[in-house]
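Counting in my numbering, the sequence shown runs from -8 upward without gaps. Glycine included, C-beta positions come from ideal geometry on N, C-alpha and C. Contents: one structure, followed by commentary.
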Amino acid sequence: MLPGVVGLIQATEIIKLILEGGAPLIGRLLLYDAMKMNFKEVRVRKDPECALCGEHPSVTELIDYKAFCDVPLPGAELPE
């Protein structure tokens, strides 16, 4: 049940952005408690010190997580 509810909310948010209608959750975080069937909305502010979206971002590109985590690539086995 939980993945279905969360997926439906995500799909609805994308549709609102594509159609430029409704009030997308920009600047807001939706908290969902599946056990109590409660929703809570929290406002979030942009952090000027954020490494990704702040005034002087230090994260400017994606990294290769397979290489970063030392996961061997298929077909790249070392010869014996």
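- Bridge partners of ASP24 according to DSSP: ASN29.
- Under DSSP, ARG36 takes part in no beta bridge, so it has no partner.
- Straight across, the Cα-Cα distance linking ARG19 with ALA58 is about 34 Å.
- Comparing C-alpha distances from ARG36 to each of GLY45, ILE9 and VAL(-3) shows the shortest one belongs to GLY45.
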